[in-house]
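2 protein chains.
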Amino acid sequence: MRLLSETSFRYPKALSFASGRPYEGFFEFADLHRYLDRFVDDSLARGLPEERVKKAVFQYGPTNGVIRDAVARMLNADEGIHVGPESILITHGCQEAMMIALRGLFASPDDVLLTVSPCYVGIAGAAKLLDIDIEPVPEGENGLEAATLAEVARRVKAAGRRPVACYVTADFSNPSGHSLSLETRRELLEVARDEDLLLLEDNPYGLFCREGEEIPTLKALDTEQRVIYLGSFAKTAFPGARVGYLVADQPVLGGTGDPRPFAEELAKVKSMFTVNTAGVSQALIGGLLAEAGHSLRKATRELADLYVGHLETTVRCLEEHFPQARFPEHGVRWNVPGGGFFLLLEVPFDAGYPALETSARDHGVVWAPMRMFYVGDGGANIIRLGFSSLTRDELEEGIRRLAGFIRASSPRDVDVANPPDRDVANLLD
Amino acid sequence: MRLLSETSFRYPKALSFASGRPYEGFFEFADLHRYLDRFVDDSLARGLPEERVKKAVFQYGPTNGVIRDAVARMLNADEGIHVGPESILITHGCQEAMMIALRGLFASPDDVLLTVSPCYVGIAGAAKLLDIDIEPVPEGENGLEAATLAEVARRVKAAGRRPVACYVTADFSNPSGHSLSLETRRELLEVARDEDLLLLEDNPYGLFCREGEEIPTLKALDTEQRVIYLGSFAKTAFPGARVGYLVADQPVLGGTGDPRPFAEELAKVKSMFTVNTAGVSQALIGGLLAEAGHSLRKATRELADLYVGHLETTVRCLEEHFPQARFPEHGVRWNVPGGGFFLLLEVPFDAGYPALETSARDHGVVWAPMRMFYVGDGGANIIRLGFSSLTRDELEEGIRRLAGFIRASSPRDVDVANPPDRDVANLLD
Chain A
2 MRLLSETSFR YPKALSFASG RPYEGFFEFA DLHRYLDRFV DDSLARGLPE ERVKKAVFQY
62 GPTNGVIRDA VARMLNADEG IHVGPESILI THGCQEAMMI ALRGLFASPD DVLLTVSPCY
122 VGIAGAAKLL DIDIEPVPEG ENGLEAATLA EVARRVKAAG RRPVACYVTA DFSNPSGHSL
182 SLETRRELLE VARDEDLLLL EDNPYGLFCR EGEEIPTLKA LDTEQRVIYL GSFAKTAFPG
242 ARVGYLVADQ PVLGGTGDPR PFAEELAKVK SMFTVNTAGV SQALIGGLLA EAGHSLRKAT
302 RELADLYVGH LETTVRCLEE HFPQARFPEH GVRWNVPGGG FFLLLEVPFD AGYPALETSA
362 RDHGVVWAPM RMFYVGDGGA NIIRLGFSSL TRDELEEGIR RLAGFIRASS PRDVDVANPP
422 DRDVANLLD
Chain B
2 MRLLSETSFR YPKALSFASG RPYEGFFEFA DLHRYLDRFV DDSLARGLPE ERVKKAVFQY
62 GPTNGVIRDA VARMLNADEG IHVGPESILI THGCQEAMMI ALRGLFASPD DVLLTVSPCY
122 VGIAGAAKLL DIDIEPVPEG ENGLEAATLA EVARRVKAAG RRPVACYVTA DFSNPSGHSL
182 SLETRRELLE VARDEDLLLL EDNPYGLFCR EGEEIPTLKA LDTEQRVIYL GSFAKTAFPG
242 ARVGYLVADQ PVLGGTGDPR PFAEELAKVK SMFTVNTAGV SQALIGGLLA EAGHSLRKAT
302 RELADLYVGH LETTVRCLEE HFPQARFPEH GVRWNVPGGG FFLLLEVPFD AGYPALETSA
362 RDHGVVWAPM RMFYVGDGGA NIIRLGFSSL TRDELEEGIR RLAGFIRASS PRDVDVANPP
422 DRDVANLLD
């Protein structure tokens with residue numbers, strides 16, 4: 002990720018498809034003032050004394066957070082996830098939620114983290130910092146597959162080790178853009194039960210689909226508490242609050258012998274990482290949630306349409322520049338996710354850091370080499386295109402530049418620009 | 002710490018000397034709005050385009066932070082610490098700074114963290130989460146002693162292990178309230194050089210001394226880059242921002258072979274813990290620093306006087322209730338720190354959790370058992386009194402209740418209330 006940032010830094014005029022940053026066009030300072038006021042006013046209206054509200058915003062606060070009720074209401078309304086506030090832990094962004102879940106779950110050197118591969122770099126990085134071994138579960142054409150998960154879990158067990166949990170993004174995965182079918186989700190939950198695994202479901206992009214195309218999350222389908230859900234407000238609200246959360250309703254025995262949700266045990270880990278999540282940040286997100294009537298699905302509908310529009314623009318531009326891409330033997334093809342922030346583009350050459358440098362320097366366009374997302378080798382000739390943060394005009398210009406880069410970098414005998422004279426269905430849709 | 006919080010929670014009417022929370026009387030919501038506006042206005046006035054300022058506040062930001070310049074100016078003005086922004090890393094509170102420093106410094110299972118004992122529980126907790134072994138350096142009558150540090154470092158080396166760093170608070174330590182003399186500080190730096198150690202200097206309370214009684218920090222005296230400085234805005238601004246920082250100017254070889262400050266290497270660790278520190282929190286602290294003319298020493302003078310006043314009130318009340326405390330054989334004595342948030346009170350009985358429960362339930366007063374701060378055994382009959390967050394009236398009433406609890410809990414043959422008939426100098430001053 003640092004090499005990516007540095008490339009963007011050295012070529013500030015390059016258009017960047019490299020990041021998964023949210024669109025910036027809607028950010029207004031006035032909103033922050035209003036969210037804060039809303040949090041304070043609502044708290045006072047609920048009968049809390051002013052000094053209690055000040056304490057929540059300014060002082061050290063409870064480790065598990067002060068907006069758990071609001072998050073529980075949102076999860077109920079938006080995701081059909083029905084948990085009480087005691088099963089929720091508010092974190093300094095979703096990355097901290099991952100760190101805490103890993104530290105809380107992994108105790109022995111024999112414990113192994115499974116993760117879909119390719120995957121978000123943050124999970125691999127967190128595991129590395131905590132000296133946790135990772136075993137990749139290679140994704141199939143449509144993402145993580147239950148049979149592969151079961152196979153890897155059994156292989157790990159056969160080697161005398163314990164597969165504790167598997168990391169997966171069911172909706173619009175980063176980097177691949179895959180969404181798992183309802184059937185696959187059910188199968189994954191069965192494998193989790195049969196192999197005695199937990200699933201760490203990361204869901205930053207789930208709301209950014211076409212209206213009516215929602216599929217229930219793994220957590221919403223989870224009747225046996227096999228899922229720890231990792232949530233983020235970075236894309237649905239804004240990253241600068243650094244507020245995320247986790248849902249861990251698994252009953253565990255506390256010090257007193259009474260069962261309590263795993264989230265409360267994880268709060269002990271959280272207290273040593275960062276004490277508690279910033280009160281001001283929680284107040285801002287609390288105010289935003291109150292304004293949204295505790296449904297971000299409704300409140301972000303306009304934003305979701307914008308991202309779907311970005312996806313459609315990107316795909317349309319790719320089709321215009323590579324009309325022959327239906328013919329995968331010609332070396333340029335891409336997938337068309339149903340939403341989210343990313344799609345993949347396969348090119349007929351090595352798309353690593355040297356190619357990225359050329360692309361940035363000579364063509365003014367930056368992207369992410371897919372190989373950085375693999376646990377082990379893979380993705381050598383694939384580019385991840387993040388279309389979330391650019392404007393429509395920038396997307397059009399960016400794909401024009403990218404097409405120029407791809408034409409210039411492709412081997413001479415691969416004609417990426419002109420369609421061949423036979424017609425084959427697009428194999429990637 | 003959780004047992005402490007739970008005791009306070011179960012006895013909400015008890016007056017609490019248990020915490021190191023800052024005084025709440027000065028918190029005003031209007032300040033937050035003003036700090037944010039100030040940050041935005043100052044940034045625009047410096048010629049930054051509005052979209053750049055929005056990015057800093059709302060978007061993902063640089064891992065090392067957006068207010069490093071302001072913190073560098075403050076360190077220069079307040080502490081005589083002269084470092085560039087590239088040696089600073091902004092963190093989600095000082096606890097994260099500790100985690101990051103430990104994770105960045107400790108690599109081999111042979112590496113050992115030395116820490117003054119008793120010490121802040123957060124450093125022991127962070128080491129535990131990261132599976133780092135701790136070796137205590139028992140403090141003497143005035144805090145950490147250079148000879149003891151050298152002795153422990155050599156003992157660790159003799160056992161075939163590597164003492165990497167020693168954690169210490171030079172100013173008004175938590176829990177003991179000790180401040181190290183200038184001479185001790187210089188000696189500690191010599192030991193660090195001779196034994197090839199780093200010192201992790203934690204300084205949350207340094208500004209809260211009597212005017213004119215400042216002693217330079219270890220970092221200000223550090224001519225050989227032996228000190229990593231851990232800073233906090235929790236006490237000088239407010240905890241709800243969760244903004245801390247570390248200063249690590251040690252040159253290390255980066256990927257390109259050029260030396261760069263260790264802080265930049267530590268940013269890689271930070272990115273995996275929490276990506277970056279909340280932009281809104283940094284904007285609030287940035288605005289506050291701008292209002293303060295980048296000198297918190299000046300801006301918090303009134304607050305420092307308040308805390309010194311709290312200390313004096315606490316000591317005066319103790320003297321009133323225990324006039325014989327000059328006679329340590331009579332079992333109640335305390336130290337009188339020069340500032341900070343804490344003092345220690347020795348009592349003639351076991352001051353553990355059962356005693357705390359009695360104190361909270363029957364006498365309406367809560368405090369921290371000193372034994373929780375020891376690495377290993379110690380502090381069985383010592384109470385830590387935190388006097389920062391109570392009002393003067395509450396301090397007076399709290400010490401009255403505490404005196405009642407101590408009288409009721411002391412053995413019958415120890416007369417804690419009446420002075421004996423001989424005069425001995427207070428051995429603890």
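Protein sequence lines correspond, in order, to chains A and B.
430 is the number that the numbering used here gives the last residue of the first sequence; the numbers go up by one with no jumps.
430 is the number that the numbering used here gives the last residue of the second sequence; the numbers go up by one with no jumps.
Cβ coordinates follow ideal geometry from the N, Cα and C atoms, glycine included.
Please state whether the Cβ-Cβ distance between E358 of chain A and L16 of chain A is less than 9 Å.
On the first sequence, residue 358 of chain A is found 357 positions in, with the first residue counted as 1. On the first sequence, residue 16 of chain A is found 15 positions in, with the first residue counted as 1. Result no, Cβ atoms of E358 of chain A and L16 of chain A do not sit closer than 9 Å.
State the Cα-Cα distance for the pair T92 of chain A and A284 of chain A, rounded to the nearest angstrom.
Mapped onto the first sequence, residue 92 of chain A falls at position 91. Mapped onto the first sequence, residue 284 of chain A falls at position 283. Each residue's alpha carbon lies about 13 Å from the other.
Compare the C-beta of K158 of chain A against all C-beta atoms of chain B and say whether one is closer than 9 Å.
Along the first sequence, one-based indexing puts residue 158 of chain A at 157. Not a single CB atom of chain B sits nearer than 9 Å to the CB of K158 of chain A.
Return the residues of the stretch 271 to 283 of chain B that lie within a Cβ-Cβ distance of less than 8 Å from chain A, sorted by chain order.
Listed in sequence order: S272, M273, F274, T275, V276, N277, T278, A279, G280, V281, S282.
On the criterion of 16 or more Cβ atoms from any shown chain inside 10 Å, does E202 of chain B qualify as buried, or is it exposed?
The sequence position of residue 202 of chain B within the second sequence is 201, counting from 1. Classification for E202 of chain B: buried.
What does M373 of chain A touch in chain B if you count any residue whose Cβ is under 9 Å from its own?
Translated into the one-based positions of the first sequence, residue 373 of chain A becomes position 372. Neighbours of M373 of chain A on chain B: none; closest Cβ ~14 Å, over 9 Å.
Please specify which runs of the beta strand (DSSP E), each continuous and at least 3 residues long, are wholly inside the stretch 230 to 282 of chain A, giving them in chain order.
245 to 248, 252 to 254, 260 to 262
Using alpha carbons as the reference points, say which of B:T116, B:L190, B:S282 lies closest to Y168 of chain B.
For the purposes of this step, residue 168 of chain B is taken as residue 167 along the second sequence, with counting starting at 1. That would be B:T116, whose Cα lies nearest to the Cα of Y168 of chain B.
When you check each C-beta in the stretch 229 to 242 of chain B against every C-beta of chain A, which residues fall closer than 7 Å?
F239, P240, G241, A242
Would you verify that the beta carbon of P13 of chain B is, or is not, closer than 9 Å to some beta carbon of chain A?
Taking the first residue of the second sequence as 1, we reach residue 13 of chain B at position 12. No, its Cβ sits nowhere closer than 9 Å to a Cβ of chain A.
Could you tell me if the beta carbon of R35 of chain A falls within a distance shorter than 8 Å of some heavy atom in the ligand PLP?
The ligand PLP is not among the ligands present in this structure, which contains no ligands whatsoever.
Using a Cβ cut-off of 7 Å, pull out every chain A residue sitting near Y61 of chain B, in sequence order please.
In the second sequence, residue 61 of chain B corresponds to position 60, counting from 1. The CB of Y61 of chain B comes closer than 7 Å to the CB of R22, P240 in chain A, given here in chain order.
Taking A193 of chain A as the reference, give the member of A:R408, A:V153, A:E52, A:Q60 with the closest Cα.
In the first sequence, residue 193 of chain A corresponds to position 192, counting from 1. For the residues A:R408, A:V153, A:E52, A:Q60, the minimum Cα distance to A193 of chain A belongs to A:V153.
Helix or strand or just coil, what does DSSP make of L5 of chain A?
Taking the first sequence and counting its residues from 1, one reaches residue 5 of chain A at position 4. Note: L5 of chain A maps to helix in three-state DSSP.
Applying a beta-carbon distance threshold of less than 9 Å, which residues of chain A neighbour G123 of chain B?
Walking along the second sequence from the start, residue 123 of chain B turns up at place 122. Simply S272, M273, V276.
Give the straight-line distance between the Cα atoms of V415 of chain B and V138 of chain B, rounded to the nearest whole angstrom.
Residue mapping note: residue 415 of chain B aligns to position 414 of the second sequence, counting from 1. Residue mapping note: residue 138 of chain B aligns to position 137 of the second sequence, counting from 1. V415 of chain B and V138 of chain B: Cα-Cα distance of roughly 32 Å.
For Y308 of chain B, which option in B:E146, B:F342, B:N204, B:L254 has the closest C-alpha, if you only look at C-alpha atoms?
Counting from one through the second sequence, the residue named residue 308 of chain B turns up at place 307. Check the Cα spacing between Y308 of chain B and each of B:E146, B:F342, B:N204, B:L254: the tightest is with B:F342.
So if I threshold CB-CB distances at 7 Å, which residues from the stretch 283 to 304 of chain B count as touching chain A?
L285
Alpha helix (DSSP H) containing R156 of chain B: first to last residue?
Here residue 156 of chain B refers to the residue found at position 155 of the second sequence. The continuous alpha helix (DSSP H) containing R156 of chain B extends over residues 147 to 159.
So if I threshold CB-CB distances at 7 Å, which residues from the stretch 91 to 104 of chain A count as touching chain B?
H93, G94, Q96, E97, M100, R104
Mapping the DSSP letters down to three states, classify F18 of chain B as helix, strand or coil.
Taking the second sequence and counting its residues from 1, the one referred to as residue 18 of chain B is at position 17. In the structure shown, F18 of chain B adopts coil according to DSSP, grouped into three states.
Opposite L319 of chain B in the DSSP bridges: which residues?
On the second sequence, position 318 is the one that residue 319 of chain B refers to. Among the bridge pairs identified by DSSP, L319 of chain B is matched with none.
Answer with buried or exposed for T237 of chain B, where buried requires no fewer than 16 other C-beta atoms within 10 angstroms of its C-beta.
Counting from 1 along the second sequence, the entry for residue 237 of chain B is found at position 236. The residue is buried, with at least 16 neighbouring Cβ atoms inside 10 Å.
Can you find a CB in chain E that lies within less than 9 Å of the CB of G126 of chain B?
The structure shown contains no chain E; its protein chains are A and B.
Considering just the uninterrupted stretch of the beta strand (DSSP E) at T64 of chain A, what are its terminal residues?
Residue numbering aside, residue 64 of chain A sits at position 63 when the first sequence is read from its first letter. Segment: none, T64 of chain A is in no beta strand (DSSP E) and carries neither H nor E.
Using a C-beta to C-beta distance shorter than 7 Å, which residues of chain A count as neighbours of V253 of chain B?
By 1-based counting over the second sequence, the position of residue 253 of chain B is 252. Under the 7 Å cutoff, chain A gives no residues; its nearest Cβ is about 15 Å from V253 of chain B.
K299 of chain B and A291 of chain B look like a contact to me (Cβ under 8 Å); what is the Cβ gap, rounded to whole Å?
Translated into the one-based positions of the second sequence, residue 299 of chain B becomes position 298. Translated into the one-based positions of the second sequence, residue 291 of chain B becomes position 290. At roughly 13 Å, the Cβ-Cβ gap does not stay under 8 Å, so K299 of chain B and A291 of chain B are not in contact.
Helix or strand or just coil, what does DSSP make of G144 of chain B?
Along the second sequence, one-based indexing puts residue 144 of chain B at 143. Three-state DSSP puts G144 of chain B in a strand.
Please list, in chain order, the residues of the stretch 34 to 48 of chain B that have any C-beta partner in chain A closer than 9 Å.
Against chain A - using a Cβ distance shorter than 9 Å - the residues of the stretch 34 to 48 of chain B are H34, L37, D38, V41.
Which first and last residues belong to the alpha helix (DSSP H) in which F1 of chain B is found?
Only positions 2 to 430 of chain B appear in this structure, which leaves residue 1 of chain B out of reach.
I want to see whether chain A comes within less than 9 Å of D70 of chain B, judged by CB atoms only; does it?
Here residue 70 of chain B is taken as the residue at index 69 of the second sequence, counted from 1. So, not an interface residue.
Let me make sure I understand the geometry here. Which of A:E25, A:V244, A:R211, A:P240 has the alpha-carbon closest to that of R53 of chain B?
Numbered from its first residue, the second sequence carries residue 53 of chain B at position 52. The shortest Cα separation from R53 of chain B among A:E25, A:V244, A:R211, A:P240 belongs to A:E25.
In chain order, which continuous runs of the beta strand (DSSP E) of length 3 or greater are located wholly inside the stretch 64 to 119 of chain B?
89 to 92, 112 to 118
Going by beta-carbon coordinates alone, are D195 of chain B and R162 of chain B separated by less than 9 Å?
Taking the first residue of the second sequence as 1, we reach residue 195 of chain B at position 194. Taking the first residue of the second sequence as 1, we reach residue 162 of chain B at position 161. In this structure, R162 of chain B does not lie closer than 9 Å to D195 of chain B by Cβ.
Straight-line CA distance for K55 of chain B to G94 of chain B?
Working through the second sequence from its first residue, we reach residue 55 of chain B at position 54. Working through the second sequence from its first residue, we reach residue 94 of chain B at position 93. Cα atoms of K55 of chain B and G94 of chain B: separation of roughly 23 Å, rounded to the nearest angstrom.
Given that L130 of chain A touches chain B, what residues does it touch there, using C-beta distances under 8 Å?
By 1-based counting over the first sequence, the position of residue 130 of chain A is 129. The answer, in chain order, is R104, V270, M273, F274.
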